[in-house]
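Written out below as structure tokens is the structure these notes cover.
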Amino acid sequence: MNLFWQKGYEGTSVADLVEHLGINRFSLYNSFGDKLTLYRDALRRYLYTRGLTGLEALEADDADMDALINLVEEFAAKQKDQQFGCFMQNALLERCVEDDEVRRLGNALFEGLEQAFFKVIARYQTKARAAELAAFLVMQLQGIRVLGKSGQFALLDAAMVVLRGEIQRWKTPA
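1 is the number of the first residue of the sequence shown in UniProt numbering; add one for each residue after it.
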């Protein structure tokens, strides 16, 4: 997973995979099928081990807006340690036009985030407004990822002040 995350699909050669995995070409093809299958498996693994993790706090029946704010703040703080950005975001930018499976996995991430956010926000806002705000927050997280990957930490910190205040306002029905 890490090799594809760092180099992307096109940037990762079969020779890179053989060296990284410590196996020969025959074993690579015998075990994983082909490079594309291995890539999709790595992306699927990322989705379920990294992309959708941490949402449990929002799934709790007593999850409130403070839990949502904490999740967003922790997410933003993690970006300082993610020099390669988000594997899913990288994959979507590189392959979503020609690869329906990559697009499907990306959509699963976005939908999972949106549903978790909606569940909390809908406790404070109408369902229609909660849906809009959940979509807005998914979009904001993607921007946070880009700022983190590009090392724009001062800009990210300044934007987080605004986003934190905005989410706080969602406690009051519109």
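All C-beta atoms, glycine included, are put in the ideal place defined by N, C-alpha and C.
- By the 16-neighbour rule on beta-carbons within 10 angstroms, Met139 is exposed.
- DSSP, read as helix, strand or coil, puts Leu92 in helix.
- In the structure shown, the three-state DSSP call for Thr53 is coil.
- By the neighbour-count criterion, in which 16 or more other beta carbons inside 10 Å mark a residue as buried, Thr126 falls on the exposed side.
- Membership of Ile23 in any alpha helix (DSSP H) is not indicated, and neither H nor E is assigned to it by DSSP.
- Here the C-alpha atom of Glu132 lies approximately 36 angstroms from the C-alpha atom of Leu38.
- Under the DSSP assignment, Lys35 falls in the alpha helix (DSSP H) whose first and last residues are Lys35 to Tyr46.
- In the three-state DSSP reduction, Trp170 falls in the coil class, being neither helix nor strand.
- Your pair Val72 and Ile167 checks out as a contact, with CB atoms roughly 7 angstroms apart and the cut at 8 angstroms.
- If you draw a 10 Å sphere on the C-beta of Tyr48, you find fewer than 16 other C-beta atoms in it, and that means exposed.
- One alpha carbon belongs to Arg50, the other to Asp34, and they sit about 24 angstroms apart.
- Nearest C-alpha to Asn2 among Leu137, Leu28 and Phe87: Phe87.
- Excluding five sequence positions before and after Leu55, the CB atoms of its chain that fall closer than 8 angstroms to its own CB belong to Leu71, Gly112, Leu113 and Ala116, given in chain order.
- Taking 8 angstroms as the cut-off, the beta carbon of Gln142 is found closer than this to the beta carbon of Gln89.
- Per the Cβ contact rule, the stretch 93–106 is in contact with the stretch 6–13 (3 or more Cβ pairs under 8 angstroms).
- As summarised for the stretch 65–141, the continuous alpha helix (DSSP H) elements at least 4 residues long and confined to that stretch are 65–78, 87–95 and 100–121, given in chain order.
- Under the three-state reduction of DSSP, Ser31 is assigned to helix.
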